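Here the protein sequences come in this chain order: Y and C.
The first sequence: position 75 = 75 (this note's numbering), numbered continuously.
The second sequence: position 16 = 1016 (this note's numbering), numbered continuously.
We treat Cβ as the ideally placed atom computed from N, Cα and C, and that holds for glycine.
Please read all numbers here as calculations on a predicted model, not as lab measurements.
Only one structure is covered here, and it is reproduced in the block below.
Protein chains: 2
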Amino acid sequence: MPVTEKQNAKQKFMDFLAKKQLRITSQRQAIIDTVFSTEEHFTAEQLLEWSRHRDKSVSRATVYRTLPLLTESGLVREMDFGKDYKFYDPNYAEHPNHNHIICQDCDKIVEFESEKIAKLEDEISHKLGFSIKAQRLQITGNCEELKKLGACRHKSCHEHE
Amino acid sequence: MPVTEKQNAKQKFMDFLAKKQLRITSQRQAIIDTVFSTEEHFTAEQLLEWSRHRDKSVSRATVYRTLPLLTESGLVREMDFGKDYKFYDPNYAEHPNHNHIICQDCDKIVEFESEKIAKLEDEISHKLGFSIKAQRLQITGNCEELKKLGACRHKSCHEHE
DNA sequence: AAGCTATTGAGAATAGGTCTCAAGTGCAAG
DNA sequence: CTTGCACTTGAGACCTATTCTCAATAGCTT
């Protein structure tokens, strides 16, 4: 993913803040820079840690205050991967319809897009009388195929060999 | 949904317990009877309340201990609807591939199934080297269409009329 | 009926996330 | 370049859903 796309997302968020008459403080800047310089899913705690590398003064409270702004802007999405804490996905600005497939064994997550599925979702939503705002599709499975090919580098995928 | 299907799911869960050499206590019985006599999504707290109608001795701890068994059996699925507590869906025994569409405004939830989407999920999973175990698709939207037709009975759908 | 062992209820404990409040700081107007 | 004020902040208290502990209880096999 080109850096410019992430820069673009960052700018969109700044605009979002401006529109809400919210200030761009140094702490928010550090958090924003962090979020829009990664493609990884992250937890609130990780975001705190990473942001502190840029600005030591970032507090847990500010991270938890900024996260709802990020999700409200639509540029970051809250994800439930069945753990007891939430994950956040910063890739929705560039790929608003992407989906996730997760390996039960090694927790590897692969993102994918499907126009066909998106189209079907639209049709069905309409038929049910809904205007669609967002969708999330999560598939759980095993990366056994990759394992057979020796292409999966994740530990658990090799444990029983 | 015919009562017999729910009875069937109940029996499957009893078998599941037996296979794991777990006992069928009166408290578990009350919880199971409750779960497999509804089609509604419920929270842990609701399950506690409802189960206590059948057996006053059911405790919160036992409900929270039984829930993982239910999900492990595959007959009930944990759902994240963005609230700060989890919901449980007891309809997966009969409809293992059903999906949800949720109205942002009134929280109405409609379930639907789509063979076409399921097929695409299979294809994509395979292509990505995964064997599929489960899937969950959640669409968020507005039930505006229903609102226009006057068919949506949920309060928020009429607030701005 | 006995005994082994899973199971239970009550409440303490945990942990992610939220809230409070006094102190600090963008930033728009002058 | 000041000033002023409303928005923000950090620290830690607080909240609340869920998990854990432990002594008492009760399925189920023999």
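Chain C contact for residue i (CB, 8 Å cutoff)
| i | result |
| --- | --- |
| L120 (chain Y) | yes |
| Q27 (chain Y) | no |
| T175 (chain Y) | With chain Y represented from 1 up to 161, any question about residue 175 (chain Y) goes unanswered, as that position is not in the structure. |
| K19 (chain Y) | no |
| G129 (chain Y) | yes |
Any chain Y beta carbon closer than 8 Å to residue i
| i | result |
| --- | --- |
| D1080 (chain C) | yes |
| Q1135 (chain C) | yes |
| C1125 (chain C) | Checking the sequence shown, residue 1125 (chain C) turns out to be Ser, not Cys. Closer than 8 Å to some Cβ of chain Y, the Cβ of S1125 (chain C) qualifies, so yes. |
| F1087 (chain C) | no |
| G1141 (chain C) | yes |
| K1116 (chain C) | yes |
| E1005 (chain C) | no |
| E1144 (chain C) | yes |
| I1132 (chain C) | yes |
| V1058 (chain C) | no |
| V1110 (chain C) | yes |
| Q1138 (chain C) | yes |
Where residue i falls: helix, strand or coil (DSSP)
| i | result |
| --- | --- |
| Y1064 (chain C) | helix |
| I32 (chain Y) | helix |
| N1091 (chain C) | coil |
| R77 (chain Y) | strand |
| T38 (chain Y) | coil |
| T1140 (chain C) | strand |
| L1069 (chain C) | helix |
| T25 (chain Y) | coil |
| D1055 (chain C) | coil |
| E19 (chain Y) | Looking at the sequence provided, one finds Lys at residue 19 (chain Y) rather than Glu. Three-state DSSP puts K19 (chain Y) in a helix. |
| T1043 (chain C) | coil |
| K1006 (chain C) | helix |
| K86 (chain Y) | coil |
Buried or exposed (CB count within 10 angstroms, at least 16 for buried), residue i
| i | result |
| --- | --- |
| D107 (chain Y) | exposed |
| R1065 (chain C) | exposed |
| G1082 (chain C) | exposed |
| P90 (chain Y) | buried |
| K6 (chain Y) | buried |
| I1024 (chain C) | exposed |
| task | Closer than 8 Å, Cβ to Cβ, to anything on chain C: give me those residues from the region 89-108 of chain Y, in chain order. | result | Going along the region 89-108 of chain Y in chain order, one finds I101, C103, Q104 with a Cβ nearer than 8 Å to chain C.
| said: Ignoring anything shorter than 3 residues, give me the beta strand (DSSP E) runs that lie fully in the region 1088-1138 of chain C, in order along the chain. | reply: Within the region 1088-1138 of chain C, the beta strand (DSSP E) runs of at least 3 residues that lie entirely inside it are, in chain order, 1099-1103, 1109-1112.
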